[in-house]
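> My numbering numbers the first residue of the sequence shown as 21 and each following residue consecutively. A single structure is presented below for examination.
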Amino acid sequence: MFKNKIESFMNSIFKNEFDLSLERRLFLSSVIIGILTLIIGIIVNIIVHTSFIATVIPFVLLCYLTVVLYFIRVKKIINVFITPTVILAQIGISVVWIFNGGIVGSNTLVAVFTLIVGLIIVPSQNKKYVLLLFLILQSIDFLIQIYRPDLIIKFINEKEHITDTIFTTAYISIMLFLIVNFLHYHYTIERQKVEEGAMRLYELNFKLKETNINKDKFFSIISHDLKSPFSGFLGLTKIMREGLYELSKEELELYIKLMNESANNLYDLLSNLLEWSMMQKGATSYNPEICTLNILVQVVIDFQSEVTKQKNIELVNLIPEDLQLSADKPMLSTVLRNLISNAIKFTPRGGKVIVGIFESTTENICFFVKDSGIGMDSEMLSKMFKINERTSRPGTEKEPSTGLGLLLCKDFIEKHNGKIWIESEVDKGTTFYVSLPSIS
Numbered sequence: 021m022f023k024n025k026i027e028s029f030m031n032s033i034f035k036n037e038f039d040l041s042l043e044r045r046l047f048l049s050s051v052i053i054g055i056l057t058l059i060i061g062i063i064v065n066i067i068v069h070t071s072f073i074a075t076v077i078p079f080v081l082l083c084y085l086t087v088v089l090y091f092i093r094v095k096k097i098i099n100v101f102i103t104p105t106v107i108l109a110q111i112g113i114s115v116v117w118i119f120n121g122g123i124v125g126s127n128t129l130v131a132v133f134t135l136i137v138g139l140i141i142v143p144s145q146n147k148k149y150v151l152l153l154f155l156i157l158q159s160i161d162f163l164i165q166i167y168r169p170d171l172i173i174k175f176i177n178e179k180e181h182i183t184d185t186i187f188t189t190a191y192i193s194i195m196l197f198l199i200v201n202f203l204h205y206h207y208t209i210e211r212q213k214v215e216e217g218a219m220r221l222y223e224l225n226f227k228l229k230e231t232n233i234n235k236d237k238f239f240s241i242i243s244h245d246l247k248s249p250f251s252g253f254l255g256l257t258k259i260m261r262e263g264l265y266e267l268s269k270e271e272l273e274l275y276i277k278l279m280n281e282s283a284n285n286l287y288d289l290l291s292n293l294l295e296w297s298m299m300q301k302g303a304t305s306y307n308p309e310i311c312t313l314n315i316l317v318q319v320v321i322d323f324q325s326e327v328t329k330q331k332n333i334e335l336v337n338l339i340p341e342d343l344q345l346s347a348d349k350p351m352l353s354t355v356l357r358n359l360i361s362n363a364i365k366f367t368p369r370g371g372k373v374i375v376g377i378f379e380s381t382t383e384n385i386c387f388f389v390k391d392s393g394i395g396m397d398s399e400m401l402s403k404m405f406k407i408n409e410r411t412s413r414p415g416t417e418k419e420p421s422t423g424l425g426l427l428l429c430k431d432f433i434e435k436h437n438g439k440i441w442i443e444s445e446v447d448k449g450t451t452f453y454v455s456l457p458s459i460s
């Protein structure tokens, strides 16, 4: 219970200003406690009728500390006051030493205590000067005591001497108790911060290693998938170079068609790879605006018309014409292009691909891309959207696939604070669902 009261008192003093260093927090605490004790000291001096100077000097220090507290709390200025405050406190205590009983009084104890606190809170480069000043001031006081004892204002009576001793002893004891508790309390906090920081660093290091391993696997997969179309492309160019004049017109048209398909596939793969790498680096700008989903879908459908015609696939756009949402147009277009292209790729001839709305609310719009293709088993579904898993497989017409497009879709959708998920069954088709924020 008592410990909790102390911690509550410390928190009230600092107002949880843990953004300050430990030394600055101690200085702030000393200023506030100094103000409180000076007020009590002035009252005690008035009661026991000490000398006028012994009361005025604490009052001047009180005014100074009040100004310092104002600048710390209101103006957020603290560094410039630390060393001057310690110096002023030492000078003030040395002067009071003369007007408050000299060596018989208790000011030497206060001076030593002030030195200890001062050495804790002043910057490292000023500590030697604070110690030197203390030795000089104490030497002057003792020399005055030896050679000019007539200058020292003695206590009027024994009662005044005892009162001064009791007050100073109580004051020093309380201050030492508060400072020890302060140091222990804030040492514990700093240690917890260090431990938490070390734990976060360990977690980040672990995640970094895991990410590097996953990316190594990913680029191994990509390099393997790039090698196959390049090999085919190079093989076709070799055949054409060596037997150009022996090839028939039909053979030449076929090879040119295959080369064109390989070049398009390579272009799509490299485009996705470039966009994904830029996304990982944070170089992809995100600029949401009001989009008409039907128009974006239709642009992709028109672009894929030649492929759907060749495979005799029906591609249907069921998105309402007036449906709008907030999204980054280039990102959303990339997502639609990859999802629709994948659906066409894994749908056999005569199949069907539908783009429609699953759910539309004031908060979210969920659309789907559904195909009647070859589908996926549970094992393949569990590997989707994972950078370190191979999910590539040829389409129904041996079209190449890497799975990179889906990784890109996932990153782009999450950039929108959206979600993407899959439902699929072997030989019964696949449905991709995408949920995005509607117009806010």
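Quick reminder that beta carbons are idealized off the backbone N, C-alpha and C, glycines included.
Between residue 92 and residue 165, what straight-line distance do the alpha-carbon atoms span, to the nearest angstrom?
Those two C-alpha atoms are separated by around 38 Å.
> Given this structure, state the Cα-to-Cα distance separating residue 419 from residue 384, to the nearest angstrom.
Roughly 34 Å separates the two Cα atoms.
> Could you name the residues of the same chain whose beta carbon sits closer than 6 Å to that of residue 170, not counting the 5 residues immediately before and after it, in chain order?
Excluding sequence neighbours, residue 170 sits near nothing in its chain.
> Under the three-state reduction of DSSP, which class applies to residue 336: helix, strand or coil?
It is a strand residue.
> Could you please give the first and the last residue of the uninterrupted beta strand (DSSP E) stretch that includes residue 372?
Per DSSP, residue 372 belongs to the beta strand (DSSP E) from 372 to 380.
> Straight-line CA distance for residue 310 to residue 339?
One C-alpha to the other measures close to 16 Å.
> Please go through the same chain and pick out, in chain order, the residues whose beta-carbon is closer than 8 Å to the beta-carbon of residue 117, but skip the five residues on each side of it.
Excluding sequence neighbours, residue 117 sits near 125, 127, 128, 131 and 161.
> What does the alpha-carbon distance come out to for the pair residue 97 and residue 227?
So the alpha carbons of these two residues sit roughly 40 Å apart.
> Below 8 Å on the Cβ atoms is my contact criterion, and I expect residue 432 with residue 389 to pass it. Report the Cβ-Cβ distance as a whole number of Å.
Rounded, the Cβ-Cβ distance is 14 Å, inconsistent with contact.
> Going by CA-CA distance only, name the one from 198, 122 and 221 that's closest to residue 174.
Closest option to residue 174, Cα to Cα, is 122.
> Using the DSSP secondary-structure output, state which residues sit across from residue 177 in a beta bridge.
DSSP output for residue 177 lists no bridge partner at all.
> Where does residue 198 fall in DSSP's three states?
The answer is helix: DSSP assigns residue 198 an H, G or I state.
> Could you check whether residue 110 and residue 134 sit closer than 8 Å to each other, using their CB atoms as the reference points?
Yes. Within cutoff.
> Taking the continuous alpha helix (DSSP H) assigned at residue 361, which residues delimit it?
First-last of the alpha helix (DSSP H) with residue 361: 349 to 365.
> Which same chain residues, not among the five before or five after residue 35, have their C-beta less than 6 Å away from its C-beta?
Bear in mind that a pLDDT of 48 at residue 35, under 50, signals an unreliable position, so the number given afterwards is only what the model happens to contain. Excluding sequence neighbours, residue 35 sits near nothing in its chain.
> Within a Cβ cutoff of 6 Å, which residues of the same chain sit near residue 82, ignoring the five residues on either side of it in sequence?
Excluding sequence neighbours, residue 82 sits near 58.
> Per the DSSP calculation, residue 439 is bridged to which residue(s)?
Looking at the DSSP assignment, residue 439 forms a beta bridge with 455.
> Of the choices 40, 382, 412 and 53, whose alpha-carbon is the least far from that of residue 346?
Comparing Cα positions, the closest option is 382.
> Which whole-angstrom value is the C-beta distance of residue 449 and residue 395, which I expect to be below 8 Å?
Yes, they are in contact, since the Cβ atoms of residue 449 and residue 395 sit about 5 Å apart, within 8 Å.
> Kindly give me the distance between the Cβ atoms of residue 86 and residue 142, rounded to whole angstroms, as I take these residues to be in contact under 8 Å.
About 21 Å; that fails the 8 Å criterion.
> Cα-Cα, which of 406, 99, 318 and 353 is closest to residue 373?
Among 406, 99, 318 and 353, the Cα nearest to that of residue 373 is on 318.
> Cβ atoms of residue 331 and residue 216: under 8 Å apart, would you say?
It is not a contact, given that the beta carbons lie outside the stated cut-off.
> Would you kindly check if the distance between the Cβ of residue 316 and the Cβ of residue 353 is under 8 Å?
Cβ atoms of residue 353 and residue 316: closer than 8 Å.
> Since residue 345 sits in a beta bridge, which residues does DSSP pair it with?
Answer is 311, bridged to residue 345.
> For residue 86, which of helix, strand or coil comes out of DSSP?
Residue 86 falls in the helix class under three-state DSSP.
> Indicate whether at least one CB of chain D lies closer than 8 Å to the CB of residue 403.
No chain D is present in this structure, which holds just one protein chain.
> Please check the pair residue 287 and residue 348, which I expect to be a contact at CB under 8 Å, by giving their CB distance rounded to whole angstroms.
About 22 Å separates the two Cβ atoms, so there is no contact after all.
> Please classify residue 436 as buried or exposed, where buried requires at least 16 other C-beta atoms within 10 Å of its C-beta.
When all chains shown are included, residue 436 counts as buried.
> Alpha helix (DSSP H) containing residue 140: first to last residue?
127 to 141 is the span of the alpha helix (DSSP H), which, as asked, contains residue 140.
> Following a CB-centred definition, is residue 52 positioned closer than 7 Å to any heavy atom of the ligand GDP?
You won't find the ligand GDP in this model; it holds no ligand whatsoever.
> Whole angstroms are fine: how far does the CA of residue 208 sit from the CA of residue 294?
Distance between the alpha carbons of residue 294 and residue 208: 48 Å.
> Going by C-alpha distance, which of 47, 335, 412 and 114 is nearest residue 156?
With distances taken between Cα atoms, residue 156 lies closest to 114.
> Can you give the Cα-Cα distance for residue 442 and residue 41, rounded to whole angstroms?
Their backbone Cα atoms lie some 51 Å apart in a straight line.
> Leaving aside the five residues before and after residue 459 along the sequence, list all residues of the same chain whose C-beta is less than 8 Å from its C-beta, in chain order.
The answer, listed in chain order, is 310, 344, 345 and 346.
> Can you list, in chain order, the residues of its chain with a C-beta nearer than 7 Å to that of residue 327? Leave out the 5 residues immediately preceding and following it.
The residues are 364.
> For residue 430, is the classification buried or exposed, using 16 other Cβ atoms within 10 angstroms of its Cβ as the cut-off for buried?
So residue 430 counts as buried.
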